[in-house]
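Student:
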Amino acid sequence: MFLKKNIVFFSILFFSFHLFSQKDSTNVKGLKVEGDVFVQEGVYKPLAPARAAFYSAIFPGMGQVYNKKYWKAPIVWGALAIPTYFYLENNSEYKRFRTAYKLRKTGFQDEFTDDLGTVSVSLETLERAQKQLRENRDLSLLSGVILYVLQIVEASVNAHLLQFNTDDNLTFRPTFVQDPILFDAPKVGFTLKYTF
Numbered sequence: 002m003f004l005k006k007n008i009v010f011f012s013i014l015f016f017s018f019h020l021f022s023q024k025d026s027t028n029v030k031g032l033k034v035e036g037d038v039f040v041q042e043g044v045y046k047p048l049a050p051a052r053a054a055f056y057s058a059i060f061p062g063m064g065q066v067y068n069k070k071y072w073k074a075p076i077v078w079g080a081l082a083i084p085t086y087f088y089l090e091n092n093s094e095y096k097r098f099r100t101a102y103k104l105r106k107t108g109f110q111d112e113f114t115d116d117l118g119t120v121s122v123s124l125e126t127l128e129r130a131q132k133q134l135r136e137n138r139d140l141s142l143l144s145g146v147i148l149y150v151l152q153i154v155e156a157s158v159n160a161h162l163l164q165f166n167t168d169d170n171l172t173f174r175p176t177f178v179q180d181p182i183l184f185d186a187p188k189v190g191f192t193l194k195y196t197f
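The opening position of the sequence shown corresponds to residue 2 in my numbering, with each subsequent residue numbered one higher.
(1) Using a Cβ-Cβ cut-off of 6 Å (strictly less than) and excluding sequence neighbours within five positions of A53, which residues of its own chain qualify?
(2) Is DSSP giving V122 helix, strand or coil here?
(3) Taking the alpha-carbon positions, what's the I59 to L127 distance?
(4) What are the boundary residues of the alpha helix (DSSP H) that I1 is part of?
(5) Are the CB atoms of L113 and V120 nearer to each other than 8 Å?
(6) What do you get for F98, buried or exposed, if any count of 16 or more other CB atoms within 10 angstroms of its CB means buried?
(7) So is G79 buried or exposed if we call it buried at 16+ other beta carbons inside 10 Å?
(8) Mind checking which residues open and close the alpha helix (DSSP H) that includes P50?
(9) Quick check on I8: does DSSP put it in helix, strand or coil?
(10) Does A51 pass the burial test, meaning 16 or more other C-beta atoms within 10 Å, or should it be called exposed?
(11) Considering Q65, what are the terminal residues of the alpha helix (DSSP H) in which it resides?
(12) If you draw a straight line from the alpha carbon of Y71 to that of A49, how long is it in whole angstroms?
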């Protein structure tokens, strides 16, 4: 058994050296280039989407700032603040009703019972309130996690799409076309402009 493991280990090690020992095919010696060679650098950044996703994961909205879409950062913060607020609110109310339920089950006076022993909220209502508040709390947490992941994906996709060269050579613009025969009813169409 020991011999088989060693054979497998050394064969993997041997073949892995060949994977990293390939020659660079772009290194050509003795090649002379006549004229000017234009190399456009900085257009495609392969790490930009990963960096934007990393920044968004560390601090929500930072990937949007990295992409220079500053107006999206407050939207992300607001979108994440809403489920956070509702999570905290539902959690505090759930704990309040849970404490009252536990006190009433053990025979002590809770916040929904006055000094004369009059109960304003029944035991069944306390149970239903706990169930509903727990569901609302969990739903707020789930929506917050979904929004957090979506803002990371949005920053990454936006960083990827920003690398494409887009100009006005290809546009779709809805226009109103006046028909000389039927002057009362304008027609909607589009213009396709494609140039090289």
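Idealized CB from N, CA, C, for every residue including glycine.
Tutor: Judging by the given coordinates:
(1) Stepping through the sequence shown from its first residue, residue 53 is reached at position 52. Answer for A53: G64, Y67, N68, A156, S157, A160, listed in chain order.
(2) Translated into positions along the sequence shown, residue 122 becomes position 121. It is coil, neither helix nor strand.
(3) In the sequence shown, the residue the question calls residue 59 occupies position 58. In the sequence shown, the residue the question calls residue 127 occupies position 126. Roughly 39 Å between the two C-alpha positions.
(4) The question about residue 1 has no answer here: the residues shown for the chain are numbered 2 through 197.
(5) Mapped onto the sequence shown, residue 113 falls at position 112. Mapped onto the sequence shown, residue 120 falls at position 119. Here residue 113 is Phe; the residue named in the question, Leu, does not match the sequence. Yes, these two residues count as a Cβ contact at 8 Å.
(6) As a first step, residue 98 must be located in the sequence shown, where it is residue number 97. Buried, by the Cβ-count rule.
(7) Position 78 of the sequence shown holds residue 79. Exposed, by the Cβ-count rule.
(8) Position 49 of the sequence shown, counted from the first residue, corresponds to residue 50. Judged by DSSP secondary structure, P50 falls within the alpha helix (DSSP H) whose first and last residues are 49-59.
(9) Here residue 8 is taken as the residue at index 7 of the sequence shown, counted from 1. Here I8 sits in helix by DSSP.
(10) Taking the sequence shown and counting its residues from 1, one reaches residue 51 at position 50. Burial call: exposed.
(11) The residue labelled residue 65 in the question sits at position 64 within the sequence shown. 63-67 is the span of the alpha helix (DSSP H), which, as asked, contains Q65.
(12) Position 70 of the sequence shown holds residue 71. Position 48 of the sequence shown holds residue 49. Distance between the alpha carbons of Y71 and A49 is about 17 Å.
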